[in-house]
Amino acid sequence: MDTKIVYAQLGILIFMLVSLGTASAIPKVPHQFYGSVTINGKPAPDGTLITAKIDGNDVAGTLTSNGKYGYRPIFYIPDPFGNKEGKTIHFYVSGVKSASYTFHNGDSTELNLSVTLPVKNLPSATTSSQPSGSSPSPGGSIKSTPSYKNPKISEAECVENWTCTDWFECFNGKQTRICVDLNKCGTTKNKPEETKACEYVAPEKYCIENWTCTEWSQCKPDGTQQRVCKDVNKCGTNKYKPIETRACIYTPAGNPGSITGFFALYSKLHVLGMIALIAIACAVIFIYWFKK
-10 MDTKIVYAQL GILIFMLVSL GTASAIPKVP HQFYGSVTIN GKPAPDGTLI TAKIDGNDVA
50 GTLTSNGKYG YRPIFYIPDP FGNKEGKTIH FYVSGVKSAS YTFHNGDSTE LNLSVTLPVK
110 NLPSATTSSQ PSGSSPSPGG SIKSTPSYKN PKISEAECVE NWTCTDWFEC FNGKQTRICV
170 DLNKCGTTKN KPEETKACEY VAPEKYCIEN WTCTEWSQCK PDGTQQRVCK DVNKCGTNKY
230 KPIETRACIY TPAGNPGSIT GFFALYSKLH VLGMIALIAI ACAVIFIYWF KK
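According to my numbering, the sequence shown is numbered sequentially starting from -10.
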């Protein structure tokens, strides 16, 4: 067979193996959501915070506009590590649970949200803007700057009162969140950061613990031995961590040993001595009779 053909086939095989090995690292298609938002039967004020949670963690968030969400900008639940298929998403409006839906890669779902809030907790209208030409960060979250000013409080008297979602999932070395000023001062002097650098830690199902341990220490007076075990893969879980403390029998330095051991040793020496004496006696008798 032609050598060039062999090398070409070998190259294709290596490429396929590498592709299979890296396929799990390719982000899966997100699930898009959009729809209307009503509070106490009326369209939600602009700037009402919408958050989505999976397994108790915030995974995406956005703000309402014209009583709707997910239109401008689009809103989606990302799946950067391919581990969300079939999981349940819980949607919250101003911190109150509104609906649940199952995540499916590539789906686009109209999901109308509705909640009932006490009058004192009703959000007031705000407006938010997104820089021209920019796109929402993973999860459809955006940076928002409230432009609505509370007419009852002047800018000099208004004290910003920011509330933020949890940090969304780490993706491409970055985490985002959404912060809203509850007092609607219209200023951002004390606005918390909405973006920070991060380091992704693989979920337990994608990380296999690999523990290595030191030798056991000498037995301590309290009857225990210790060692130190570390997970080489740094999974952050302890499901298969070996024990680091165990019971032992402590023997103080200079201890002559147990009585049982002493008598066992004495018995052996006694038997050997008797054998030696018998051998000597036999030799003497033999020599005596031989000379006689």
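Backbone N, C-alpha and C define an ideal beta-carbon position, used for all residues, glycine too. Fair warning: this is a prediction, and the values are worked out from it, not measured in the lab.
From the DSSP output, in three-state form, read off residue i for me.
i, result
"Ala88", "strand"
"Ile274", "helix"
"Phe80", "strand"
"Val108", "helix"
"Ala33", "coil"
"Ala268", "helix"
"Lys42", "strand"
"Lys163", "strand"
"Lys57", "strand"
Sorted by chain position, which residues of the same chain lie with C-beta nearer than 8 Å to residue i's C-beta, five sequence neighbours on each side aside?
i, result
"Glu283", "This structure leaves residue 283 out entirely; the chain is present only between -10 and 281."
"Ile238", "Cys208, Gly212"
"Tyr229", "Glu198, Trp200"
"Arg321", "This structure cannot settle anything about residue 321, because the visible part of the chain is limited to -10 through 281."
"Cys153", "Arg166, Ile167, Cys168, Val169, Pro181, Glu183"
"Ile39", "Val26, Gly50, Thr51, Leu52, Thr53, Tyr58, Phe64, Phe80, Tyr81, Val82, Leu102"
Straight-line CA distance for residue i to residue j?
i, j, result
"Glu182", "Val169", "11 Å"
"Trp278", "Ile267", "17 Å"
"Pro231", "Asn199", "10 Å"
"Gly84", "Ser97", "24 Å"
"Gly71", "His93", "11 Å"
"Thr37", "Gly95", "26 Å"
Suppose the cutoff is 7 Å on Cβ atoms and the five residues either side in sequence are ignored; what does the same chain contact list for residue i look like?
i, result
"Ala88", "Phe80, Leu100, Leu102"
The beta strand (DSSP E) with residue i in it runs from where to where?
i, result
"Ala186", "184 to 186"
"Gln207", "Element bounds for Gln207: n/a, residue is neither H nor E."
"Leu52", "46 to 52"
"Glu149", "That residue, Glu149, is in no beta strand (DSSP E); it is neither H nor E in DSSP."
"Leu298", "Because the chain is modelled from -10 through 281, residue 298 falls outside the range shown and cannot be assessed."
"Asp68", "64 to 68"
"Gly24", "17 to 28"
"Val169", "168 to 170"
"Asp220", "218 to 220"
"Glu99", "97 to 99"
Answer with yes or no whether the minimum CB distance from residue i to chain D is below 8 Å.
i, result
"Lys180", "Of the protein chains in this structure there is only one, and it is not chain D."
In its own chain, which residues sit with a C-beta less than 6 Å from the C-beta of residue i, not counting the 5 before and 5 after it?
i, result
"Pro241", "none"
* Counting Cβ pairs closer than 8 Å, one from the region 20 to 28 and one from the region 90 to 102, do we hit at least three? -> yes
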